[in-house]
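Asks: Chains as they are written, first to last, in my numbering: chain A, 4 to 228; chain B, 4 to 228.
Quick reminder that beta carbons are idealized off the backbone N, C-alpha and C, glycines included.
There are 2 protein chains.
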Amino acid sequence: MTPHKEDYLKALYELGGSEHLVSNKQIADLLKIAPASVSEMLGKMSREGLIQYEPYKGSRLTQSGLQLAISLVRGHQLWEVFLIRHLGYSWSESHEDAEMLEHITPPRLAARLDRFLNYPAYCPHGNVIPKADGQVENAALEPLKDLSVGEKSKIRRVDEERELLDYLESLGIEIGSPVAVLAIAPYEGPLTLDLDGRNVQISYKAACQIYVDQIHDPDTNNTIF
Amino acid sequence: MTPHKEDYLKALYELGGSEHLVSNKQIADLLKIAPASVSEMLGKMSREGLIQYEPYKGSRLTQSGLQLAISLVRGHQLWEVFLIRHLGYSWSESHEDAEMLEHITPPRLAARLDRFLNYPAYCPHGNVIPKADGQVENAALEPLKDLSVGEKSKIRRVDEERELLDYLESLGIEIGSPVAVLAIAPYEGPLTLDLDGRNVQISYKAACQIYVDQIHDPDTNNTIF
DNA sequence: TTTAAAAATTAGGTATACCTAAAATAGGAG
DNA sequence: CTCCTATTTTAGGTATACCTAATTTTTAAA
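(1) Can you pull the DSSP bridge partners for Gln-66 of chain A?
(2) Starting from Leu-185 of chain B, trace the beta strand (DSSP E) both ways and give me its first and last residue.
(3) Taking DSSP's pairing of strands, which residues face Arg-201 of chain B in a bridge?
(4) Expressed to the nearest angstrom, what Euclidean distance is found between the alpha-carbon atoms of Thr-65 of chain A and Gln-55 of chain A?
(5) Is the region 72-82 of chain A touching the region 31-42 of chain A, taking contact as three or more C-beta pairs under 8 Å?
(6) Does chain A have any CB closer than 8 Å to the CB of Leu-12 of chain B?
(7) For Trp-82 of chain B, I'd like the list of residues in its chain whose CB is within less than 8 Å of its CB, leaving aside the five on either flank, ordered along the chain.
(8) By the DSSP assignment, the beta strand (DSSP E) with Val-41 of chain B in it spans what residues?
(9) Which ranges does the alpha helix (DSSP H) cover as unbroken runs of at least 4 residues, wholly within the region 82-145 of chain A, from first to last along the chain?
(10) Would Tyr-125 of chain A pass as a contact of Val-131 of chain A if the rule is Cβ separation under 8 Å?
(11) What are the residues of the region 114-131 of chain A that lie near chain B, defined by any Cβ-Cβ distance shorter than 7 Å?
(12) Between the Cα of Leu-171 of chain A and the Cα atoms of A:Ala-209, A:Pro-193, A:Leu-34, A:Leu-194, which residue gives the shortest distance?
(13) To the nearest angstrom, how far is it from the Cα of Tyr-214 of chain B to the Cα of Leu-147 of chain B?
(14) Just the C-alpha distance for Leu-24 of chain B and Asp-32 of chain B, rounded to the nearest angstrom, thanks.
(15) Thinking C-beta only, is Val-182 of chain B closer than 8 Å to Leu-198 of chain B?
(16) Could you name the residues of the region 86-105 of chain A whose beta carbon sits closer than 9 Å to any beta carbon of chain B, in the order they occur along the chain?
(17) Can you name the residues that DSSP bridges to Lys-155 of chain A?
(18) Look at the alpha carbon of Leu-12 of chain B and the alpha carbon of Lys-157 of chain A, and state the distance between them as a whole number of angstroms.
(19) Hey, quick one: how far does the alpha helix (DSSP H) through Gln-212 of chain A stretch, first residue to last?
(20) Quick one: measure Cβ to Cβ for Ile-218 of chain B and Leu-174 of chain B, integer angstroms, because I've assumed they're closer than 8 Å.
(21) Beta-carbon within less than 6 Å of Leu-2 of chain B's beta-carbon, same chain only, minus the 5 sequence neighbours each way: which residues are those?
(22) What separation, rounded to the nearest whole angstrom, lies between the Cα atoms of Gly-61 of chain B and Pro-58 of chain A?
(23) Would Asp-222 of chain B count as contacting chain A if we go by Cβ distances under 8 Å?
(24) List the residues of chain B that Ile-107 of chain A touches, going by C-beta distances under 7 Å, in chain order.
(25) In chain A, what lies closer than 7 Å to Leu-112 of chain B by C-beta?
(26) Applying the criterion that 16 or more other CB atoms from any shown protein chain within 10 Å of the CB defines a buried residue, is His-128 of chain B buried or exposed?
(27) Give every residue of the same chain whose Cβ lies closer than 6 Å to the Cβ of Tyr-207 of chain B, excluding the five residues on either side of it in the sequence, and list them in chain order.
(28) What number of angstroms, rounded off, separates the C-alpha of Glu-164 of chain B from the C-alpha of Leu-18 of chain A?
(29) Among A:Gln-29, A:Gln-138, A:Glu-145, A:Gly-91, whose alpha-carbon lies nearest the alpha-carbon of Leu-69 of chain A?
(30) Mark Pro-189 of chain A as exposed unless 16 or more other C-beta atoms lie within 10 angstroms of its C-beta, in which case mark it buried.
(31) How about Arg-159 of chain B and Ile-178 of chain B: do their beta carbons lie closer than 8 Å?
(32) Which first and last residues belong to the alpha helix (DSSP H) in which Ile-30 of chain B is found?
(33) Take Leu-144 of chain B as the anchor and find which of B:Leu-168, B:Gln-212, B:Thr-5, B:Leu-86 has the nearest alpha-carbon.
(34) Identify the residues that DSSP records as bridge partners of Ile-54 of chain B: which are they?
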């Protein structure tokens, strides 16, 4: 395992490679690497049994590749909790440094860090932290942009991207905050929110990368739509 | 900076490259790399201004190389303190994992870790932890093997080598323990110690890698010898 | 169903960092 | 001061992981 291959595994995992085929282009875009290099690396990883690779179609994680990807994510999230809780990091800073630390976090270290942090269930950005055995249970969430005006919910997760994180932190948006949409401007215009009593405007783009509890129909208890 | 170059910098530092020329062979032996590869890498590092390289003679750290080496050592020691104090690592385990963590510890992270740990002066093995500005003040120590029978001292530092650390930990040897030599068997035989009241035998080899306070002549206050 | 655009692969090239084997240099013993 | 051994360097080769440019395959539109 090299840090490079680990990056490919994580990319594949984040692009849904545990469930369906992922195109080379998606990986190339995410990792900012030339498509030719991706083909080459995927061929190698396929020979190593980390992925299932169908040339010209795409690739998906094998069982062993998935295990590795999950343990990387686990390391990443645990470090984020540590950096924010104990070292005073910001959202974006913690993501940056965890991106490096995850590559040198063998299971022993992850296990001890997990215990030290008292087995956190979520990372500071709201992602579920996989357990040591690779178990992940994801809550059903929907993007804030899909909330209708007037609906109340709670902020549960935000995408881990440096610029977004800095933007959200500057707006004082936090995981767990109660939120309601007061207005949605047309043509991908900004959303006006009631954020725990405060009046806040956020861009449409940000509203696509913030996730909230799904609203349930109180009568049927089924998801609306 | 690559982890590889960082290893060379650290090796050079540990071999005294901040004070005098270090031979390629010493570096090759320490890093377990072929001498030819060392020549090649040192050439490159010299061109980058990290070291002063005199072909066939040896090399020493430049000011900038020394700074980098010291910040690596600083990261290493800080992580050791964290791993032992908060994650329940053993002496040898902490050294192992710190060896990897040091390579991804930019000054920002080191500074925050330092604060979290309350600015420790020593690593768990007794090494002085360099300050953020690169300042290091080393106490005058002597190897335990040079203590005469009957002399009393305190254990201050041990070399960071996996096998040694496991051996010493199994013997219950700790930094700060009062120690006196009860007997020294001839021909590099074992030493019998009074270790804080307990009777302990250690190998001569180990006694070369354990360092204690220098004993001073009470009249002149000068170092004996 | 042909065709054009998009995506993927292959071919050929770069840089890093290692290796072994052969040649060059240095330093101490006689 | 020469010679022998240590050490060091050079030469040539490997593997990783990236690149660009050219070719092939796929997909979707006319």
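Replies: Judging by the given coordinates:
(1) As a first step, residue 66 of chain A is located in the first sequence; it is residue number 63 there, counting from the start. DSSP, once it has assigned bridges, lists no residue as partnering Gln-66 of chain A.
(2) As a working note, residue 185 of chain B is residue 182 in the second sequence. Looking at the DSSP string, the run of the beta strand (DSSP E) that includes Leu-185 of chain B is 181-187.
(3) One-based indexing of the second sequence puts residue 201 of chain B at position 198. DSSP output for Arg-201 of chain B lists B:Leu-198 as bridge partner(s).
(4) The count along the first sequence starts at 1 and reaches residue 65 of chain A at position 62. The count along the first sequence starts at 1 and reaches residue 55 of chain A at position 52. Taking the straight line joining both Cα atoms gives about 6 Å.
(5) These segments do not touch.
(6) As a working mapping, residue 12 of chain B is identified with position 9 in the second sequence. For Leu-12 of chain B, the closest Cβ of chain A is not nearer than 8 Å.
(7) Your numbering for residue 82 of chain B matches position 79 in the second sequence. These residues qualify, in order along the chain: Ser-97, Asp-100, Ala-101, Leu-104, Glu-105, Thr-108, Leu-116.
(8) Residue 41 of chain B sits at position 38 when you count from the first residue of the second sequence. For Val-41 of chain B, no beta strand (DSSP E) segment is defined; the enclosing uninterrupted segment is the alpha helix (DSSP H) at 38-50.
(9) Within the region 82-145 of chain A, the complete alpha helix (DSSP H) runs of at least 4 residues are 94-104, 110-119.
(10) Here residue 125 of chain A refers to the residue found at position 122 of the first sequence. Here residue 131 of chain A refers to the residue found at position 128 of the first sequence. Yes; because the gap between Cβ atoms is below 8 Å, this pair is in contact.
(11) Legend: CB atoms of the region 114-131 of chain A lying less than 7 Å from CB atoms of chain B belong to residues Arg-115, Leu-116, Phe-119.
(12) To locate residue 171 of chain A, count along the first sequence from 1; it is residue 168. Nearest C-alpha to Leu-171 of chain A among A:Ala-209, A:Pro-193, A:Leu-34, A:Leu-194: A:Ala-209.
(13) Working through the second sequence from its first residue, we reach residue 214 of chain B at position 211. Working through the second sequence from its first residue, we reach residue 147 of chain B at position 144. Spanning the two alpha carbons is a distance of roughly 5 Å.
(14) As a first step, residue 24 of chain B must be located in the second sequence, where it is residue number 21. As a first step, residue 32 of chain B must be located in the second sequence, where it is residue number 29. Each residue's alpha carbon lies about 16 Å from the other.
(15) In the second sequence, counting from the first residue as 1, residue 198 of chain B sits at position 195. In the second sequence, counting from the first residue as 1, residue 182 of chain B sits at position 179. The beta carbons of Leu-198 of chain B and Val-182 of chain B sit closer together than 8 Å.
(16) So the close ones are Leu-86, His-89, Leu-90, Gly-91, Tyr-92, Glu-96, Asp-100, Met-103, Leu-104.
(17) Position 152 of the first sequence, counted from the first residue, corresponds to residue 155 of chain A. Lys-155 of chain A pairs with A:Ala-183.
(18) Translated into the one-based positions of the second sequence, residue 12 of chain B becomes position 9. Translated into the one-based positions of the first sequence, residue 157 of chain A becomes position 154. Cα to Cα, Leu-12 of chain B sits roughly 50 Å from Lys-157 of chain A.
(19) In the first sequence, the residue the question calls residue 212 of chain A occupies position 209. Note, Gln-212 of chain A: premise wrong, no alpha helix (DSSP H); not H, not E.
(20) Locating residue 218 of chain B in the second sequence gives position 215, counting from the first residue. Locating residue 174 of chain B in the second sequence gives position 171, counting from the first residue. No, Ile-218 of chain B and Leu-174 of chain B are not in contact; Cβ-Cβ is about 22 Å, not under 8 Å.
(21) The question about residue 2 of chain B has no answer, for chain B in this structure spans 4 to 228.
(22) Within the second sequence, the letter at position 58 stands for residue 61 of chain B. Within the first sequence, the letter at position 55 stands for residue 58 of chain A. Their backbone Cα atoms lie some 51 Å apart in a straight line.
(23) Residue mapping note: residue 222 of chain B aligns to position 219 of the second sequence, counting from 1. Confidence at Asp-222 of chain B is low in this model, with a pLDDT of 45, below 50, so the placement of that residue should be treated as unreliable; the coordinate-derived value is given next. Cβ-Cβ to chain A under 8 Å: no for Asp-222 of chain B.
(24) Here residue 107 of chain A refers to the residue found at position 104 of the first sequence. Contact annotation for Ile-107 of chain A against chain B: Met-103, Leu-104, Ile-107 [CB-CB distance below 7 Å, chain order].
(25) Start at 1 with the first residue of the second sequence, and residue 112 of chain B comes out as number 109. The contacting residues are Asp-100.
(26) For the purposes of this step, residue 128 of chain B is taken as the residue at position 125 of the second sequence. Result: buried.
(27) Counting from one through the second sequence, the residue named residue 207 of chain B turns up at place 204. Non-local C-beta neighbours of Tyr-207 of chain B in its own chain, meaning closer than 6 Å and more than five positions away in sequence, comprise Glu-191, ordered along the chain.
(28) Here residue 164 of chain B is taken as the residue at index 161 of the second sequence, counted from 1. Here residue 18 of chain A is taken as the residue at index 15 of the first sequence, counted from 1. Glu-164 of chain B and Leu-18 of chain A have their C-alpha atoms roughly 43 Å apart.
(29) Locating residue 69 of chain A in the first sequence gives position 66, counting from the first residue. Checked all of A:Gln-29, A:Gln-138, A:Glu-145, A:Gly-91; the closest Cα to Leu-69 of chain A is A:Gln-138.
(30) The residue given as residue 189 of chain A occupies position 186 in the first sequence. Counting of Cβ neighbours within 10 angstroms places Pro-189 of chain A among the exposed residues, the total staying below 16.
(31) Taking the second sequence and counting its residues from 1, the one referred to as residue 159 of chain B is at position 156. Taking the second sequence and counting its residues from 1, the one referred to as residue 178 of chain B is at position 175. For the pair Arg-159 of chain B and Ile-178 of chain B, the CB atoms are nearer than the 8 Å cut-off.
(32) Position 27 of the second sequence, counted from the start, is the residue given in the question as residue 30 of chain B. Start and end: 27-34.
(33) For this step, residue 144 of chain B is matched to residue 141 along the second sequence. Nearest option by C-alpha distance: B:Gln-212.
(34) Your numbering for residue 54 of chain B matches position 51 in the second sequence. BP columns for Ile-54 of chain B point to B:Leu-64.
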